[in-house]
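Below is one structure, written out as structure tokens; the observations come after it.
Numbering (this note's numbering), first residue to last: -11 to 348.
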């Protein structure tokens, strides 16, 4: 009888131990799943999705008028509704938790309008995990030149960039690779960035047409002062060095005659077809002065670019395909902004009212 009681008690203890082990395994399994979910949420928090739409009604005085950005009017139309921009952007930034700076940055931005589906940004950047300063970037990205080219259309104060930017940097982006040296988020004294990019030079939508690559270099910095009223001084210098291959016997170079007038000097060089390159060279400088105070913000902004630009007979833009005579033109251009913003406090948010003066 005692033996049977001992056996029964042992069976009861074994059953309790089994149930306890099973419960422990279940708890461990739940904890592992929670940990995986937390890691997944941490990754998802590093994604940013943004979008904006800019619908327009346009009217012009001539049927079929040619325009720059936005596309030409149809042959028998002088007014239209268009979607000037309809952007969707997905960006991923991976930040090292212990160091507080980015080591991976990727961006995918698309334009979806009545004209079709267009890729705007498609690039990735890998940043060294030791200092957070040096990165290598590749894909389709904004040309690192000046201020306005890379200034987002979603926050720009005017519907279009200045004519100078549209002529020199049509579509703003290009396809290539870049070395980027940028102060990380943890560096507080001031902001500084240096870009050295090698690109096709034909933009993101046209194929490379020769063996030369274009170099773009830019150095920019900014510093904020003050507590109640914050003053920010920002600016940069930029340099573009590229080339366009000669694809016809004729090249026209702008020169200054003895009478002081400029004229196109025709240069005939049959042997240079496919071998000779003509320089595309720009110099630029930009500055932004900002005062941010209780009732609003005042911004003064300006940019100047000069250089040599190869175009064609009836278009100043650099050619994106071979088979046309080149016209070598010297140029300079600039734009200036004065922006006054007033802040209006509402219940749980702030509304901003802008007055913008622009000389282009």
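Each residue gets a CB set at the ideal place from its N, CA and C atoms; glycine is no exception. Keep in mind that this is a model prediction, so the values were computed, not measured.
Secondary structure at residue 225, three-state DSSP: helix, strand or coil?
strand
Would you mind working out which of 288, 55 and 318 sits nearest residue 243, comparing C-alpha positions?
318
Check the DSSP bridge columns for residue 318 and list the partner residues they point to.
296
Quickly, what does DSSP pair residue 286 with across the bridge? List them, please.
279 and 328
Considering only their Cβ atoms, is the gap separating residue 253 from residue 240 smaller than 8 Å?
yes
The beta strand (DSSP E) enclosing residue 79, as first and last residue numbers
67 to 83
Can you name the start and end residues of the alpha helix (DSSP H) that residue 151 belongs to?
151 to 156
Please name the residue, chosen from 300, 79 and 313, that lies closest to residue 237 on a Cα-to-Cα basis.
313
Reduced DSSP category for residue 302 - H, G, I as helix; E, B as strand; rest coil
coil
Take residue 232 as the anchor and find which of 160, 258 and 299 has the nearest alpha-carbon.
299
Beta-ladder partner(s) of residue 218, from DSSP:
280
Suppose you measure from the CA of residue 179 to the CA of residue 226; what does that come to, to the nearest Å?
17 Å
With DSSP as the reference, label residue 20 as helix, strand or coil.
helix
According to DSSP, what are the bridge partners of residue 89?
BP columns for residue 89 are empty, so no partner.
Can you give me the start and stop residues for the beta strand (DSSP E) that residue 197 sits inside?
Run containing residue 197: none; DSSP gives neither H nor E here.
Segment contact, 8 Å Cβ cut-off, at least three pairs: the segment 272 to 287 with the segment 325 to 334:
yes
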